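Visitor:
Protein chains: 2
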Amino acid sequence: MASTFHHHDNPLIRKLESIFTLNDNERQALENLPMQITVIREDQDIVREGDRPSRSCLILSGFACTYKVTREGKRQIVSFNLPGDIPDLQSMHLKVLDNSIGTISPCSVGFVNHETLRDLCIRYPRITAGLWRETLVDASIFREWMMNVGRREGLSRMAHVLCELVVRLRAVGLVEDHACDLPITQNEFADALGFTTVHVNRIIQQLRAEGLIELKGERLFIPDWAKLKRAGEFDSAYLHMENERAAA
Amino acid sequence: MASTFHHHDNPLIRKLESIFTLNDNERQALENLPMQITVIREDQDIVREGDRPSRSCLILSGFACTYKVTREGKRQIVSFNLPGDIPDLQSMHLKVLDNSIGTISPCSVGFVNHETLRDLCIRYPRITAGLWRETLVDASIFREWMMNVGRREGLSRMAHVLCELVVRLRAVGLVEDHACDLPITQNEFADALGFTTVHVNRIIQQLRAEGLIELKGERLFIPDWAKLKRAGEFDSAYLHMENERAAA
DNA sequence: CGAAATCTTGAGTATAATCAAAAACGGTGG
DNA sequence: CCACCGTTTTTGATTATACTCAAGATTTCG
Numbered sequence: 050m051a052s053t054f055h056h057h058d059n060p061l062i063r064k065l066e067s068i069f070t071l072n073d074n075e076r077q078a079l080e081n082l083p084m085q086i087t088v089i090r091e092d093q094d095i096v097r098e099g100d101r102p103s104r105s106c107l108i109l110s111g112f113a114c115t116y117k118v119t120r121e122g123k124r125q126i127v128s129f130n131l132p133g134d135i136p137d138l139q140s141m142h143l144k145v146l147d148n149s150i151g152t153i154s155p156c157s158v159g160f161v162n163h164e165t166l167r168d169l170c171i172r173y174p175r176i177t178a179g180l181w182r183e184t185l186v187d188a189s190i191f192r193e194w195m196m197n198v199g200r201r202e203g204l205s206r207m208a209h210v211l212c213e214l215v216v217r218l219r220a221v222g223l224v225e226d227h228a229c230d231l232p233i234t235q236n237e238f239a240d241a242l243g244f245t246t247v248h249v250n251r252i253i254q255q256l257r258a259e260g261l262i263e264l265k266g267e268r269l270f271i272p273d274w275a276k277l278k279r280a281g282e283f284d285s286a287y288l289h290m291e292n293e294r295a296a297a
Numbered sequence: 050m051a052s053t054f055h056h057h058d059n060p061l062i063r064k065l066e067s068i069f070t071l072n073d074n075e076r077q078a079l080e081n082l083p084m085q086i087t088v089i090r091e092d093q094d095i096v097r098e099g100d101r102p103s104r105s106c107l108i109l110s111g112f113a114c115t116y117k118v119t120r121e122g123k124r125q126i127v128s129f130n131l132p133g134d135i136p137d138l139q140s141m142h143l144k145v146l147d148n149s150i151g152t153i154s155p156c157s158v159g160f161v162n163h164e165t166l167r168d169l170c171i172r173y174p175r176i177t178a179g180l181w182r183e184t185l186v187d188a189s190i191f192r193e194w195m196m197n198v199g200r201r202e203g204l205s206r207m208a209h210v211l212c213e214l215v216v217r218l219r220a221v222g223l224v225e226d227h228a229c230d231l232p233i234t235q236n237e238f239a240d241a242l243g244f245t246t247v248h249v250n251r252i253i254q255q256l257r258a259e260g261l262i263e264l265k266g267e268r269l270f271i272p273d274w275a276k277l278k279r280a281g282e283f284d285s286a287y288l289h290m291e292n293e294r295a296a297a
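Written out as structure tokens, the structure reads:
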């Protein structure tokens, strides 16, 4: 079931427009982009390591994550995927997937055939550049996470990831008054940070005790943004947002 | 001083040819790619975080690394850059560099202007795809490293990085009879693995004791490749080498 | 040969893991 | 509305991995 979006509904258009102004042809092509839209319930794999997909997935709503598993069964989440992300765009050029992608909350996902994407890229070089840029920002986030996991201790490591989530969620309009929905469990945070669930729990309690966050159920509130940023040594430059306001 | 290479001398051509067969026009363009070649001595930054470079660097010979530094001055090396790599190709699309690149050993580096690269990409879509693919493989390596740093303990973490280095060095002809030059200090390994130098030293001794490596000075020898691969849980799929032999 | 960098060793400490179990929460069905 | 189930969060006690600090040995290179 191919489907189209109105401009303001398609997070991909919004994303590209934050980088450069689309002309009419480009916008038309993106608005008419054939996409198979599916709703996937929580804790389901969208694609698995080893797959050879013929399409890429655009997250339209919900939270997902990219992860890998060691031979001993330990999971490492290498990024959280938010609405507007195309977490396996890489599979357009790399035949075999080297990671899995799974939902964290129920997700609405749009699948776009690689053939369609290739056509789009051949016709519109600026869209090629925009998509390439997206994958480069992803890589930048991986680098930052690696520093986080490799070189920051518990409290700042956790604070840093929370800062990133808030900034990225704000960019897609999912933060209001320093509060947002965050359907990520402590176990999932543990897998993202290289900790155990128990340790994440203790760090969160510490963050609460120091007045850096209020986290209850799936609701996160940041009482003092500057303080949390300091605790997480957070500088949004690595997210490469052109929009200064979103990155602040 | 612009300069050209003969085909077999230019590691970029070799790299792209391992993915697809260049036609005459493409090869011509790459052979005549204007490049400013410079020799940089060891432990020097090639570019720094925060720079807004107008060119990218192609490593022609020597070892370099991509790294970031926390506010407290702790360094995380996020990848080793070997001959044929273009570690800051990203800067073609992302204005501000989010990492530094420094030499580990003396390096011969070719600088290519972004303007030149952009022209190349507009004229030759397959080269665009090839370069894009390069950045995607880099991202894949980041993901694998993140799992390594986040989820593997000392011995296997170290073994894994050594396996990767051997496979990548072999792909560029720098491994002979399971031995290679490895000008990486224990301190640099520590910064890549998220350990301290002291701990890396103890792990290396353990690897030696278990007969997994012989490492003396800048010379590495692998007595039993299968055993080292097992210790490091190493599977080269994430390097996305089309050449099966190189990846084995 | 001598200085600087790198590697190695030892002792004590800290951060985070492990194991186990209890409490709180969220959704479901009666 | 409440009892029940599974999931998630929380707590406690013990252990392991890796860090810190400090100094000595070795290698490298001018």
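Taken in order, these protein sequences are the chains called A and B.
Going by the numbering used here, the letters in the first sequence line up with residues 50 to 297, in that order.
Going by the numbering used here, the letters in the second sequence line up with residues 50 to 297, in that order.
Ideal placement from N, C-alpha and C gives every residue a C-beta, glycine not left out.
As the structure is a computational prediction, the values presented were derived from the model and not from experiment.
#1: Show which residues of chain A have a CB atom less than 9 Å away from the CB atom of P174(B).
#2: Which of the three DSSP states is assigned to K123(A) in this structure?
#3: Using the rule of at least 16 other Cβ atoms within 10 Å of the residue's Cβ for burial, across every protein chain shown, is V215(B) buried or exposed?
#4: Using only CA atoms, which one of L138(A), R172(A), L242(A) lies nearest to N197(B)?
#5: Specify whether the region 145-163 of chain B and the region 249-265 of chain B touch according to this definition: at least 3 beta carbon pairs, one from each stretch, less than 8 Å apart.
#6: Could you pull out every unbroken beta strand (DSSP E) segment of at least 3 residues lying fully inside the region 145-216 of chain B, listed in chain order?
#7: Using a Cβ-Cβ distance under 8 Å, would N148(A) count as near chain B?
#8: Output, in chain order, the set of chain B residues within a Cβ distance shorter than 7 Å of D187(A).
#9: Kindly list the residues whose CB is nearer than 7 Å to the CB of H289(B), restricted to its own chain and excluding five residues on each side of it in sequence; keep chain order.
#10: Excluding five sequence neighbours on each side, which residues of the same chain lie with their C-beta closer than 6 Å to the C-beta of L218(B)?
#11: Would you call the region 99-111 of chain B and the region 72-79 of chain B in contact, with 3 or more CB pairs under 8 Å?
#12: When the Cα of S110(A) is compared with those of G260(A), T87(A), K276(A), which residue comes out closest?
#13: Quick one: which chain A residues come within Cβ less than 7 Å of W274(B)?
#14: Less than 6 Å between C-beta atoms, sequence neighbours within five positions excluded: which residues of the same chain meet that for Y287(A)?
#15: Comparing C-alpha positions only, which one of V145(A), L180(A), L204(A), E91(A) sits nearest to T234(A)?
#16: Starting from I95(B), trace the beta strand (DSSP E) in both directions and tell me its first and last residue.
#17: How would you list, in chain order, the residues of chain A whose beta-carbon sits under 8 Å from the beta-carbon of Q235(B)?
#18: Can we count T87(B) as close to the ligand FAD, meaning its CB is less than 7 Å from some heavy atom?
#19: Whose CA, out of A280(B), L71(B), V249(B), lies closest to the CA of H209(B)?
#20: With DSSP collapsed to three states, give me the class of L107(B).
#21: Pick out the complete alpha helix (DSSP H) segments inside the region 59-91 of chain B, 4 residues or longer, and give them in chain order.
#22: What whole-angstrom Cβ distance do V158(A) and I89(A) have, given they're in contact under 8 Å?
#23: Determine whether the Cβ of K117(B) lies closer than 8 Å to any Cβ atom of chain A.
#24: Report the rounded CA-to-CA distance for G179(B) versus I95(A), giving the unit in angstroms.
#25: Can the beta-carbon of E213(B) be found less than 8 Å from the beta-carbon of R120(A)?
#26: Would a check of beta-carbon distances place K64(A) closer than 8 Å to chain B?
#27: Would you grab the beta carbon distance between S105(B) and L166(B) for me? Rounded to a whole angstrom, and I think it's under 8 Å.
#28: Alpha carbon to alpha carbon, what distance is there between L277(B) and E259(B)?
#29: Identify the contact partners of F191(B) in chain A, using a Cβ-Cβ distance below 7 Å as the criterion.
#30: Going along chain A in order, which residues have a C-beta closer than 8 Å to the C-beta of Q139(B)?
#31: Pick out whichever of T245(A), A275(A), H227(A), R182(A) has its Cα sitting closest to the Cα of L264(A).
#32: Out of D137(A), P155(A), M84(A), I176(A), state which residue places its alpha-carbon closest to the alpha-carbon of S67(A).
#33: Give the single residue among D73(A), Q93(A), L107(A) whose Cα lies nearest to the Cα of P83(A).
#34: Give me whichever residues DSSP pairs with S285(A) in a beta bridge.
#35: Anything in the region 198-213 of chain B with a Cβ closer than 8 Å to a Cβ of chain A? List those residues in chain order, please.
#36: Using CA coordinates, which residue listed in K123(A), W181(A), F191(A) is at the minimum distance from E202(B)?
Guide: Working from what's here:
#1: C170, I171, P174, T177
#2: coil
#3: buried
#4: L242(A)
#5: no
#6: 149-152, 156-162
#7: yes
#8: A188
#9: V186, S189
#10: V224, C229
#11: no
#12: T87(A)
#13: None at all; the shortest Cβ gap to chain A is about 17 Å.
#14: S189, E193
#15: E91(A)
#16: 94-96
#17: In chain order: nothing, as chain A lies at least about 16 Å away.
#18: No copy of the ligand FAD appears in this structure; indeed no ligand is present at all.
#19: A280(B)
#20: strand
#21: 60-66, 73-80
#22: 6 Å
#23: yes
#24: 27 Å
#25: no
#26: no
#27: 7 Å
#28: 10 Å
#29: A188, F191, R192, M195
#30: L185, A188, S189
#31: H227(A)
#32: I176(A)
#33: L107(A)
#34: BP columns for S285(A) are empty, so no partner.
#35: V198, G199, R200, R201
#36: K123(A)
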